[in-house]
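K.L.:
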Amino acid sequence: MNRRQCESVGGNDAGKRRKGGIAMPELPEVETIRRTLLPLIVGKTIEDVRIFWPNIIRHPRDPEEFAARMIGQTVRGLERRGKFLKFLLDRDALISHLRMEGRYAVASALEPLEPHTHVVFCFTDGSELRYRDVRKFGTMHVYAKEEADRRPPLAELGPEPLSPVFSPAVLAERAVKTKRSVKALLLDQTVVAGFGNIYVDESLFRAGILPGRPAASLSSKEIERLHEEMVATIGEAVMKGGSTVRTYVNTQGEAGTFQHHLYVYGRQGNPCKRCGTPIEKTVVAGRGTHYCPRCQR
Numbered sequence: 001m002n003r004r005q006c007e008s009v010g011g012n013d014a015g016k017r018r019k020g021g022i023a024m025p026e027l028p029e030v031e032t033i034r035r036t037l038l039p040l041i042v043g044k045t046i047e048d049v050r051i052f053w054p055n056i057i058r059h060p061r062d063p064e065e066f067a068a069r070m071i072g073q074t075v076r077g078l079e080r081r082g083k084f085l086k087f088l089l090d091r092d093a094l095i096s097h098l099r100m101e102g103r104y105a106v107a108s109a110l111e112p113l114e115p116h117t118h119v120v121f122c123f124t125d126g127s128e129l130r131y132r133d134v135r136k137f138g139t140m141h142v143y144a145k146e147e148a149d150r151r152p153p154l155a156e157l158g159p160e161p162l163s164p165v166f167s168p169a170v171l172a173e174r175a176v177k178t179k180r181s182v183k184a185l186l187l188d189q190t191v192v193a194g195f196g197n198i199y200v201d202e203s204l205f206r207a208g209i210l211p212g213r214p215a216a217s218l219s220s221k222e223i224e225r226l227h228e229e230m231v232a233t234i235g236e237a238v239m240k241g242g243s244t245v246r247t248y249v250n251t252q253g254e255a256g257t258f259q260h261h262l263y264v265y266g267r268q269g270n271p272c273k274r275c276g277t278p279i280e281k282t283v284v285a286g287r288g289t290h291y292c293p294r295c296q297r
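Under UniProt numbering, think of the first position of the sequence shown as 1, with each following residue one higher.
(1) According to DSSP, is H59 helix, strand or coil?
(2) Quick one: residues in its chain with C-beta nearer than 7 Å to the C-beta of L210, no 5 flanking neighbours on either side, listed in chain order?
(3) Using 8 Å as the threshold, is the stretch 121–139 in touch with the stretch 87–104, meaning 3 or more CB pairs across them?
(4) CB-CB under 8 Å to V42, same chain, minus the five flanking residues each way: which ones, in chain order?
(5) When you compare only the Cα positions, how much space is there between residue 381 and V284?
(6) Opposite P214 in the DSSP bridges: which residues?
(7) In angstroms with no decimal places, state the Cα-to-Cα distance between H118 and I95.
(8) Mind checking which residues open and close the beta strand (DSSP E) that includes G194?
(9) Which residue spans inside the stretch 100–183 form an unbroken alpha helix (DSSP H) run of at least 4?
(10) By Cβ distance, which residues of its chain are closer than 7 Å to D92, with the 5 residues on each side in sequence left out?
(11) Would you kindly report the start and end of the unbroken alpha helix (DSSP H) that includes H221?
(12) Report yes if the CB atom of T45 is closer than 8 Å to the CB atom of F166, and no otherwise.
(13) Quickly, what does DSSP pair A93 with across the bridge? List them, please.
(14) If you follow the alpha helix (DSSP H) that E29 is in, where does it begin and where does it stop?
(15) Using only the alpha-carbon positions, how far apart do L98 and G138 sit?
(16) Pull up the distance between the alpha-carbon of T178 and that of L185, whole angstroms please.
(17) Got a sec? Which residues, its chain only, sit under 6 Å from L171 by beta carbon, not counting five neighbours each side?
(18) Excluding five sequence neighbours on each side, which residues of the same chain lie with their C-beta closer than 6 Å to the C-beta of H59?
(19) Could you compute how far the alpha carbon of P115 sits from the alpha carbon of L40?
(20) For G158, which residues from the same chain have a beta carbon less than 6 Å from its beta carbon, with the 5 sequence-adjacent residues on both sides left out?
(21) From E147 to F52, what does the alpha carbon distance come to, in whole angstroms?
(22) For my contact list, L187 and V200 are in at a C-beta cut-off of 8 Å; report their separation, rounded to the angstrom.
(23) Can you tell me whether DSSP reads I46 as helix, strand or coil?
(24) Pull up the distance between the alpha-carbon of P153 and that of I234, whole angstroms please.
(25) For C155, count neighbouring C-beta atoms within 10 Å of its own C-beta (all shown protein chains included) and say buried if the count is 16 or more, exposed if not.
(26) Would you call T277 buried or exposed, if buried means 16 or more other Cβ atoms sit within 10 Å of its Cβ?
(27) What did DSSP end up calling L187 once you bin it into helix, strand or coil?
(28) Could you check the C-alpha separation between D62 and R287 for me, to the nearest Å?
Written out as structure tokens, the structure is:
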């Protein structure tokens, strides 16, 4: 294995600790990272892989095996599944989850290594794809491409919210079978992939449904309205590059703009944009939850 120096420079911060908790990138943010990262790496061939924190590597568990199987392969594409990035190589697929603070950057091998850089993919053209993660919560799996969707973690995911597979009927079927709150249901990645705290709170506000309400109590009309608002919310967020509610920026250092259109998330104490009632914050499903006590009943 070529042991030339592989150094790092910045890319995108997916979330920092601050008062109020931690923001994890959700579907719109990961999709934006995918779109900005793709043209920077497609067509490049991996010459070396350097691993500085082996715990990030989940499959194969041996870091040397993980590195060796990717050397010599060319990046052919970059897809997204839920909150996961899926790097398509000649034979294999690299599945990457950023978790709370993972970030990718492309830089010249001559640029200095940033702190907390844990995995570096060195390309034959002298550039590098670098993964930096302050909290070290990110994960990487490598499988043969034809196996990737059938193996964990992708095999465990529910339908994409913007695909025809995710219908009101699918949502209703899962709702009637659970004793959980509607918020807990929507946070479940096996029900629908890619939703997290931000977009669940926003979708429930738009649908006029309290986050703590039992999912099984929703009527068929409420299910239809909720499904419609989930699709609309995630679609709008993707168009606007996601939400920069902490320090998230995309791979090119650009902030998302959907945070300017949030109705409830992070707005506790501020007047509701629809009725003027102060937005409240509570805990539902173990997560900080924002809602309007008048618009959501």
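We treat Cβ as the ideally placed atom computed from N, Cα and C, and that holds for glycine. Given the structure is predicted, the values throughout are model-derived calculations rather than measurements.
P.N.:
In short, the structure shows the following:
(1) strand
(2) Y291, Q296, R297
(3) yes
(4) Hits under 8 Å: V75, R76, G77, L78.
(5) Nothing about residue 381 can be reported from this structure: the residues present for the chain run from 1 to 297 only.
(6) Its beta-bridge partners are S181.
(7) Computed Cα separation, rounded: 16 Å.
(8) Neither: G194 is in no beta strand (DSSP E) and is coded neither H nor E.
(9) As far as the stretch 100–183 is concerned, its whole alpha helix (DSSP H) runs of at least 4 residues are 168–176.
(10) R69, M70, Q73, V142, Y143, A144, K145
(11) According to the sequence as given, residue 221 is Lys; it is not His. 220–239 is the extent of the alpha helix (DSSP H) around K221.
(12) no
(13) L88, Y143
(14) 27–41
(15) 5 Å
(16) 8 Å
(17) Sequence-distant Cβ neighbours of L171 in its own chain, meaning closer than 6 Å and more than five residues away, are I223, H227.
(18) Contacts found: H141.
(19) 22 Å
(20) T190, V191, V192, A193
(21) 27 Å
(22) Correct: roughly 6 Å between the Cβ atoms.
(23) In the three-state DSSP reduction, I46 falls in the strand class (E or B).
(24) 22 Å
(25) It is Ala, not Cys, that sits at residue 155 in the sequence shown. A155 is exposed by the Cβ-count criterion.
(26) exposed
(27) helix
(28) 35 Å
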